[in-house]
Each structure stands twice: as structure tokens, then as C-alpha cells.
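First the structure, in the form of C-alpha cells, and then the observations on it.
Chains as they are written, first to last, in the working numbering: chain S, 350 to 698; chain C, 4 to 206.
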């Protein structure tokens, strides 16, 4: 890497893959670097950490990893799993994530805690299909709930006329609070009360009317903050995501968005999300809530969505099919195919 | 390159005299035809005579209501995404205050349509449904003369409270056992929910 001349590098091994990263990198980022470099899938899941925001992470404990060797100088293992988003790598550190069954068991416990007060109303929730908690519990959680007590409940609340707050679904990741702190200039929204009673709220029901307040919807890993203009319009997997842009006059807004189309209607506008589920750039409320016509946008083409996602369900893109056929043709190029004796006779099939 | 192991070699051999006459082959065929004349017919005279169906026969769908008459469907779209024939479409709407007795949850299907011409009665919608809202029944879908009439809307699909449709025979023992567990919201009646609501908090 080009900056290795200036910065001390640390050698870290995560799930038996070794990589050199600059000193001061967190374990989580080292794992993400491995994934990007080798195409593996070992980065721990995150619910509260958000690389685009400062001082996030450390609340949810989903990104825990076990450190089996602290460093070359001090090879003792760390006594218990550590939050990888807040722990920096050391030279010679050995980390286990998916290769440690004990750790996966511990993460299962974390998921169970996150789901304790979660209402599991996915059939009603607009976030279903792109929900990080849903993915997390599918990949790491238990099939069944052991919680047999009454869950904490709140009435659904409106944060202004564009954002819906459903506190029941909130996992208190604080991402939206950080967005309001760091992206918008005037914070009117935060966490009230403490402990079990904590809840996200605006100060005395004050509406959020800031140019960038809509970004709290995108950073919310669950369906606690959702778009009121999209409320119950469609399930995400029946819409078609396309990347689009417009010349946005708002300061700091790139105007690069993802449109969720049904036919020619723009049902929803969101920021583009990268492989880690984080927005590529924050967008302003004008782009998000007011430009709901295809004529407002320059459409670049279908968004790339992981084929594991339910959003890709029932999308038959011609370009992809043609690509697949071309790929197969390339493999067969110059190979003589023997279909067998009499293969072209329809009676023999 | 050989694609399969099932290839057959076709031989073209000369026919014998008996084969060339075709007479034995014709008599053979006629014997089979005549035999079938005296066999029991494979068809019945519907609708005068109706066949006995299995309890889990997959016929016309029903959208269930709960015991208080509220519609169970919340328009989650899982049946539509599971449907291999893409026969199901729906539009959701938000329940308003005072409609709690009509719809079980916050969201409900304002429009729910199944295209019976597309439906292949595979029962995947029934399997996908998380709310015990859609079931296939042993009723046979009647024929119609226009394509529009074969798209069944909520007026046909939703059961009426006077004439409820029993689907308990389609449910396994485990499901019936689970339904007794009142801890799950899924199994609660509206009265249960109302009685269990915590007192309103004051800030």
C-alpha cells in the first residue's frame, strides 16, 4: 500500500487470513479490508457502528470477535470477546470470528438480547427485506424466542410530517442521534430516559425540519425510523431499485440517490448503500421527499443488489441473462459438442 | 463431449411378414379398446356427483378472519413473493382509528387479488403466510367466461362470519398445540390485547 512508507503497519490474522493494515485500524476495518481484497465474507456484522459517522459503535455488541493472541509482544489471549469496532489491531494479533463456534454462540446471545423487546412485526414493517436486524437474526440468531414476558411497548410517533418513529422496533444504536449531531446543524432529537426506559424522541415532540434530517431513515438498521411518504406503499421486494442523480442545489448534497420504482412511479428515494449497508453519501430532504417523478432524475441504470437479497427476487434483468449466456458460450468456445448418436431425432429424447 | 448417459441407439431393422400385414397389431389394439368399454368409467358426472376430496385438497383460497371477525391478512407480500405463478397482487393500507375490529393489525390489504387462471394451486402461499390468513380449501374453483371474472378479489376470497370455513384439518398437531399458547400475539384475540395493554406513560 502507498502509505506504508509513512505509517507503521501491523500484521493481523483474522480467521486464518493475514493482512497488513496501518496501525490504529480497528479489527472490524481490518476484516472489511480482507473481504474487499480477497472476496471473503468474514467481517463481523454491525448494528450500531457506522463508518461514515464519528463516535459510533460500542453499543450493540454484535461485532464481537475473540482475540486468541493479543500481539507478538504479548501473545496472551484476551479473556472475553471484544467489540471489534472499538478495538484497534496490534502487530501479530490473531482474531477469530466465523471460525470460532464459541464466539458464534456468544453472538447468538447478543442477537437474543437485541430481539428481547423487538416486536417481530416484520409482516407490517416497511423495513422488512432490507432490515439489518432481520439479516442478523437469520444468520446468527436462534429460530425460536425464549422470551415469555410482556415486551416494552410505545405508541408510534411522527417525527415531523415525513418520518415515522416506531419505538417498539428500536434497538438503541444511537446512529440517528449521531446523524442529527453531525450532519444536521441543529439537533432536536435524542434519547430520553435511561436504561430500560430509554427511548428515541424529539424534544417535546418538536418536528425535525432540517435539510438532512431524512438521513436518519437510511442509517436506522431496523424499522424504527421509516419514510412516511413510502409508508405501506409497497414491500421493498416488489419495487425495482435504480441508481439516479440530479443536479442538487443544496449544499453538501451530492444528488446521487437510489430510486425505488414500481412501473414508472418513484415510490421512494434513498441514498445509495454500499456493501456494508452504509450510505455512500448523505442526501438532502428535497431529493428524498420532494422529487418523486422520474422526470426529476437522470437514471443511470439498475442498482447492484446482492443476489442473496430478497429485493432481487423476481427481477429478470435481460442484461444479466445475456451476460450469463455469453459467459457459458465463452466456456464452450471451440469445443466440439457430441450430443450422442441420433441426438437430433426428436423421438429419441 | 457427451452430455448425458441416456442416449439411445436407433436401429432400423427390416420388418417381418407378420409385421408387414399389420393385422395382428390392429386386432391387438381393438381388443384393448373393447376391454375399456366394459371397465368402470374414470370420470364422474359433476356437479350431480362429487368426488370425495382429501382433507388437505388444494382448491379455492380463503382469506381468514380471526374469532372477532377481523381480517388476519396484513398485506406482508410473502404469499405474492412465494407464488411461482405470480398470481397474487395486493395493495396495502393503514388501519385508521376505530377500525380495529375490522383489521387485526396496523396494516391491512386494501386490495387483494388472485388470478385463478394463473394459479397452479401449489399451496406455497399458504405455507409462506406468517399470519394464518390465507388457506387453500377443498372447494373447486368454478369456471367463468371472461378473464376479468377469474381474477378473484377480496369480495370472493375473504370468508364471511356467518359461513366460516374450517381449516383446522389442514393444520398439523404442532400448529394446533402452538395456537393454545396465548403468550404469542399471533394467538391473542382483540380482547386479550386490549386487556393486556400497559397503562399510558406520562412524560
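The C-beta atom is built at its ideal place from N, Cα and C for all residues, glycine as well. Just so it is clear, the structure is predicted and the values come from calculations on it, not from any experiment.
Contact under 8 Å by Cβ, residue i with residue j
i	j	result
residue 437 of chain S	residue 373 of chain S	yes
residue 402 of chain S	residue 495 of chain S	no
residue 440 of chain S	residue 359 of chain S	yes
residue 428 of chain S	residue 419 of chain S	no
residue 74 of chain C	residue 111 of chain C	yes
residue 595 of chain S	residue 640 of chain S	yes
residue 509 of chain S	residue 558 of chain S	yes
residue 377 of chain S	residue 395 of chain S	yes
residue 109 of chain C	residue 94 of chain C	no
residue 417 of chain S	residue 443 of chain S	yes
residue 633 of chain S	residue 560 of chain S	yes
residue 497 of chain S	residue 468 of chain S	no
residue 569 of chain S	residue 597 of chain S	no
residue 363 of chain S	residue 446 of chain S	yes
residue 448 of chain S	residue 365 of chain S	yes
residue 533 of chain S	residue 517 of chain S	no
residue 701 of chain S	residue 461 of chain S	A question about residue 701 of chain S goes unanswered here, because the residues of chain S that appear run from 350 up to 698.
residue 638 of chain S	residue 599 of chain S	no
residue 464 of chain S	residue 409 of chain S	no
residue 171 of chain C	residue 179 of chain C	yes
Supposed contact pair residue j and residue i - C-beta distance, whole angstroms, cut 8 Å
i	j	result
residue 379 of chain S	residue 368 of chain S	6 Å
residue 603 of chain S	residue 562 of chain S	In fact, because the Cβ distance is near 17 Å, the residues do not count as touching under 8 Å.
residue 567 of chain S	residue 620 of chain S	5 Å
residue 540 of chain S	residue 521 of chain S	7 Å
residue 476 of chain S	residue 571 of chain S	6 Å
residue 167 of chain C	residue 138 of chain C	Not quite, the Cβ-Cβ distance comes to about 12 Å (not below 8 Å), so this is no contact.
residue 628 of chain S	residue 618 of chain S	At roughly 12 Å, the Cβ-Cβ gap does not stay under 8 Å, so residue 628 of chain S and residue 618 of chain S are not in contact.
residue 660 of chain S	residue 478 of chain S	6 Å
residue 164 of chain C	residue 54 of chain C	Between residue 54 of chain C and residue 164 of chain C the Cβ distance is about 29 Å, and since that is not below 8 Å, they are no contact.
residue 593 of chain S	residue 608 of chain S	5 Å
residue 133 of chain C	residue 472 of chain S	5 Å
residue 185 of chain C	residue 195 of chain C	7 Å
residue 78 of chain C	residue 122 of chain C	Wrong, their Cβ atoms sit about 18 Å apart, outside the cutoff.
residue 407 of chain S	residue 381 of chain S	Not really, about 17 Å apart at Cβ, beyond 8 Å.
residue 590 of chain S	residue 652 of chain S	4 Å
Beta-ladder partner(s) of residue i, from DSSP
i	result
residue 477 of chain S	Paired residue(s): none; residue 477 of chain S is not in a bridge.
residue 96 of chain C	C:111
residue 620 of chain S	S:606
residue 118 of chain C	C:154
residue 589 of chain S	S:610
residue 358 of chain S	S:371
residue 161 of chain C	C:66
residue 594 of chain S	S:605 and S:647
Proximity test, Cβ basis, 8 Å: residue i and chain A
i	result
residue 540 of chain S	Going by chain labels, chain A is absent from the structure shown, which instead holds the protein chains S and C.
ask   = Counting Cβ pairs closer than 8 Å, one from the region 125-137 of chain C and one from the region 80-88 of chain C, do we hit at least three?
value = yes
request  = Evaluate contact between the region 153-173 of chain C and the region 106-126 of chain C, counting only Cβ atoms and requiring at least three cross-stretch pairs below 8 Å.
outcome  = yes
request  = Flag this pair as touching only if the region 140-152 of chain C and the region 60-73 of chain C have three or more C-beta atom pairs under 8 Å; answer yes or no.
outcome  = yes
Stretch-stretch touch, CB-based, cutoff 8 Å, three pairs: the region 39-55 of chain C with the region 535-551 of chain S = no
key: Given 8 Å, three or more beta-carbon pairs between the region 584-598 of chain S and the region 483-497 of chain S   = no
key: Every unbroken alpha helix (DSSP H) within the region 490-577 of chain S, with a cutoff of 4 residues, ordered by chain   = 524-531 and 564-568
Cβ contact check for the region 405-421 of chain S and the region 451-465 of chain S: 3 or more pairs under 8 Å = yes
query = Can you list, in chain order, the stretches of the beta strand (DSSP E) that have 3 or more residues and sit fully within the region 411-488 of chain S?
reply = 413-418 and 442-445
ask   = Enumerated in chain order, which unbroken segments of the alpha helix (DSSP H) with a length of 4 residues or greater are wholly contained in the region 22-70 of chain C?
value = 26-40
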